[in-house]
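Going left to right, the sequence shown walks through residues 38 to 651 as the working numbering numbers them.
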Amino acid sequence: MPVVVRNDKEVNMERSKLYKKTLLIDSSDDKAIKDAAEHLRNGEVVGFPTETVYGLGCDGRNGDAVKKVFEAKGRPADNPLICHIGDKSQIREIVSEITPLAQKLIDAFMPGPITLVMKKAECIADETTAGLDTVGVRMPSNPVANKFLKYAAVPVAAPSANLSGRPSPTSARSVLEDMDGYIYAIIDGGDSEYGLESTVVDCTGTDPVILRPGAVTKADIDAVLKDKEAVMAGSITDGEAPKAPGMKYRHYAPYAQVEIIKMPEGTKITGDNAIGTDGKIDKSATEPVDLKKLSDDEAKELVNIAAPFILRSREILAENPFARIGLYCGSEIKAMYDKMNDKLLSAHTEFCVYGNTVDVSCASHGLFEGLRFLDVQEVDVILAQGFDGEGLSVAYMNRLGKASGKKEALTPGMPAPSRPARTPLPLDAFKDTYTASVLFVDDNNISLSACLETLMRRMIEKNEPYISSKASDTGFEIYCESAGLTAMNGLDPDPEMEKAVKELTGLGMGYVESRRADPAIYDDNDLILTVRDEQAFEITKAFPEIKDKVFSLSTFAAANGLVMKDSSGRVMSISVPDPSGENYETYLHTARALGAWLELLFPYILKELGASRI
Ligand code: TXA
Ligand code: MG
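Right, here's the structure in full:
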């Protein structure tokens, strides 16, 4: 199967910011939660945590408030919202009939990750149910949600708190990323336990119909009902009225192509009965694993699970030497990749590890954040672990299936598809911050290396902020500078180059002043990139002890498997001639070429420094 990237851009409705900043409320701040509930009653929209995913809540009786939610989400108004309650006694107020079937499911599963569709009562706004005569009712078990809903004391209509077409958010950070300025406040309740949206069950008839699979499984429901069996609703076809209207929209789609990697038949999976574990994630499963401690059988099983990932990664790179591959997999699979120590594979792969390889609860818990994370790393394809269980696995595979739509073929060297601007959180949200620095070197430091420094600064800024790829709670700052092997100190950049850079980027080069490269400057930097091969050679000859951090643009590209060949199959070197003395067009062409190289190398530079985008 060819690797593909997607280009069908999500069409979102117009959104306009209502607030300068969305208020971020700590789950321990009782007063602020009460205040947010008060604002909700007055018609505003508040993001809140639940055990499944974060919701975007408003007063479900107030049609104007509901419209604000649709606007903030950029969601078409024909997809109904679920009503959330803090107390079972509210059910009677928002539905006109509780069927015996509904009552059994309420008793068995509420509060918990389930939504029951029932006939609606008069008080629920038509905007909430998109004109349907039924309403989805959900009582979350998350204590922060429960507290907030009790304070609100009205039916809180809430969809998942993502921008339409994005993966549902399972952390306050992700809600803020999609919603900052569009809603009044977000209550930060930490990571959602289950990580997948609730099971939606239509119980208006005599037999339950599962409209959306979730952590409450068909087996869980059947076990409670005994004499009846739940029916799984098929997906709808065009023109047919949707039973779960949400089914007709494309969901959970990252910008990268998603491929599901099957687990070998007969693999014993854990966590498939999520309700049994209450969605509690075994945190120890996310620790790095020691492959040596495995028994022979365990090791054999792992090799079988890892093999298709490795084969597929190699196949993708053979087809497309520039591809960047994201892996959503277990910690043992990552340990196997690490152990192989294949330079090419590791240069082209970004990992998001969910924990124990065979645990579908862990995989579900981390799925949406994982897709978001890998997307920000601008990978072209995501290989995600599949599960073939019959419980929670069904919900996990349902969401993963929706993320892996059909997309266009990826052509070698094609730039990443355009992605919408991100509004990530500031660095001060982190406990520590690492720093790292890149040095660009050529001869005189008034032209090429000065241009690289300026372009790099711009790229660093554009992609800010960063976290350490080793510790996601640690921020990362990146600096860059330039120097020349034979440079005089204190010269201004070549005015023609400055003009070219200004034309391309709008930035002046006022802060660049030529400097002679010396050991102290080499010492200050974590990665040294020279314009030409001879320059890197000269540095490593004089200072062999730093050879691991010195590359030319060409050798750095090659070390990362980015080997370019000309039409006759010869390996091409990145050679950028010094435009000094040539006309302005030559300068412009040179600056453009350097920009294109940096654009290509940037993710590999981040990887070399140990930084990830967030
Ligand atoms: O876990 C969840 O259910 C989360 C949290 C926030 O509670 N909410 C959530 O909402 O996922 P939303 O709007 O993203 O998805 C609700 C799904 C949609 O597919 C919608 O079409 C369906 O439930 N739904 C809502 N009301 C319905 C109704 N009256 N009849 C049939 N389907 C309905
Ligand atoms: Mg949703």
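Ideal Cβ placement from N, Cα and C applies to all residues, glycine included. These numbers come from a predicted model, not from an experiment.
### Task
Within the same chain, show all residues whose beta-carbon is closer than 6 Å to that of residue 326, passing over the 5 residues directly before and after it, in chain order.
368, 369, 372
### Query
Taking the alpha carbon of residue 238 as the point to measure from, which residue in 231, 246, 599 has its own alpha carbon closest?
Ranking the options by Cα distance to residue 238, first place goes to 246.
### Message
What does the alpha-carbon distance come out to for the pair residue 166 and residue 354?
### Response
47 Å
### Query
Buried or exposed: residue 650, going by 16 or more other Cβ atoms within 10 Å of its Cβ?
By the neighbour-count definition (other C-beta atoms within 10 Å, threshold 16), residue 650 is a buried residue.
#### Entry: Span separating the alpha-carbon of residue 540 from that of residue 480
24 Å
### Query
Got a sec, what are the start and stop residues for the alpha helix (DSSP H) residue 639 sits in?
621 to 646
### Query
Leaving out the 5 sequence neighbours to the left and right, which residues in its chain are closer than 8 Å to residue 122 when beta-carbon positions are compared?
Excluding residues within five positions, the ones whose Cβ falls inside 8 Å are 128, 131, 174, 175, 176, 186, 192, 193.
### Task
Whole angstroms is fine: what's the gap from residue 74's alpha carbon to residue 66's?
13 Å
### Task
Compute the Euclidean distance between the alpha carbons of residue 513 and residue 408, then round it to the nearest angstrom.
21 Å
### Task
With DSSP collapsed to three states, give me the class of residue 567.
strand
### Query
What's the call for residue 294, buried or exposed, on a 16-neighbour Cβ count within 10 Å?
Buried, since its Cβ has 16 or more Cβ neighbours within 10 Å.
### Task
Using a threshold of 8 Å, state whether the C-beta atoms of residue 59 and residue 217 are closer than that.
Between residue 59 and residue 217, the C-beta spacing is below 8 Å.
### Query
Quick one: Cα of residue 64 to Cα of residue 643, how far?
34 Å
### Query
With distances taken from CA atoms, which of 472, 542, 377, 502 is nearest residue 491?
542
### Task
With a threshold of 16 other CB atoms inside 10 Å of the CB of residue 291, please say whether the residue is buried or exposed.
buried
### Task
Answer yes or no: the CB of residue 205 versus the heavy atoms of the ligand MG, is any distance below 7 Å?
For residue 205, the shortest separation between its Cβ and any heavy atom of the ligand MG lies below 7 Å.
### Query
If you check the beta carbons only, do residue 261 and residue 149 fall under 8 Å apart?
Not closer than 8 Å, so no.
### Query
Among 103, 251, 143, which has the Cα closest to the Cα of residue 89?
251
#### Entry: Endpoints, alpha helix (DSSP H) assigned at residue 101
100 to 110
### Query
From what residue to what residue does the alpha helix (DSSP H) around residue 130 run?
128 to 131
### Query
Contact between the stretch 513 to 528 and the stretch 543 to 558: three or more CB pairs below 8 Å?
Enough Cβ pairs lie closer than 8 Å, so yes.
### Message
Between which residues of its own chain and residue 530 is the CB-CB distance below 6 Å, once the five residues before and five after are set aside?
### Response
483, 487, 546, 549
### Message
Using the Cβ count rule (16 or more neighbours within 10 Å means buried), how would you classify residue 552?
### Response
buried
#### Entry: Cα-Cα separation between residue 428 and residue 510, rounded to whole angstroms
32 Å
### Task
Tell whether a beta-carbon distance below 8 Å holds between residue 653 and residue 358.
Only positions 38 to 651 of the chain appear in the structure, and residue 653 is not among them; the question remains open.
### Query
So, helix, strand or coil for residue 346, using DSSP?
helix
### Task
Go through the stretch 132 to 162 residue by residue and report every complete run of the alpha helix (DSSP H) that reaches 4 residues or more, in order.
137 to 146
### Task
Closer than 7 Å by C-beta to residue 220: which residues in its own chain qualify, once you throw out the five before and the five after it? Chain order, please.
Excluding positions up to five away in sequence, the list reads 59, 82, 83, 84, 93, 109.
### Query
With a cut-off of 8 Å, do at least 3 Cβ pairs link the stretch 197 to 206 to the stretch 103 to 119?
yes
### Task
For the stretch 629 to 646 and the stretch 584 to 600, state whether three or more C-beta atom pairs, one from each stretch, are separated by less than 8 Å.
Flag = yes, the stretch 629 to 646 and the stretch 584 to 600 touch.
### Query
Given residue 601, which residues of its chain have a CB within under 6 Å of its CB, disregarding the five upstream and five downstream residues?
609.
### Query
Just the Cα atoms here: how many angstroms apart are residue 454 and residue 202?
Reliability fails at residue 454, whose pLDDT of 46 lies under 50, so the model's placement of it is uncertain and the value that follows must be treated cautiously. Rounded to the nearest angstrom, the two C-alpha atoms are 16 Å apart.
### Query
From residue 168 to residue 69, what does the alpha carbon distance come to, in whole angstroms?
CA-CA distance, residue 168 to residue 69, rounds to 34 Å.
### Task
With hydrogens ignored, establish whether the beta-carbon of residue 234 is closer than 7 Å to any heavy atom of the ligand ADP.
Within the structure as shown, the ligand ADP is missing, the only ligands being the ligand TXA and the ligand MG.
### Task
Could you check how far apart the C-beta atoms of residue 477 and residue 566 are, in whole angstroms? I think they sit under 8 Å.
6 Å
### Task
Would you mind sorting residue 635 into buried or exposed? The rule is 16 or more other CB atoms within 10 Å of its CB.
Residue 635 is buried by the Cβ-count criterion.
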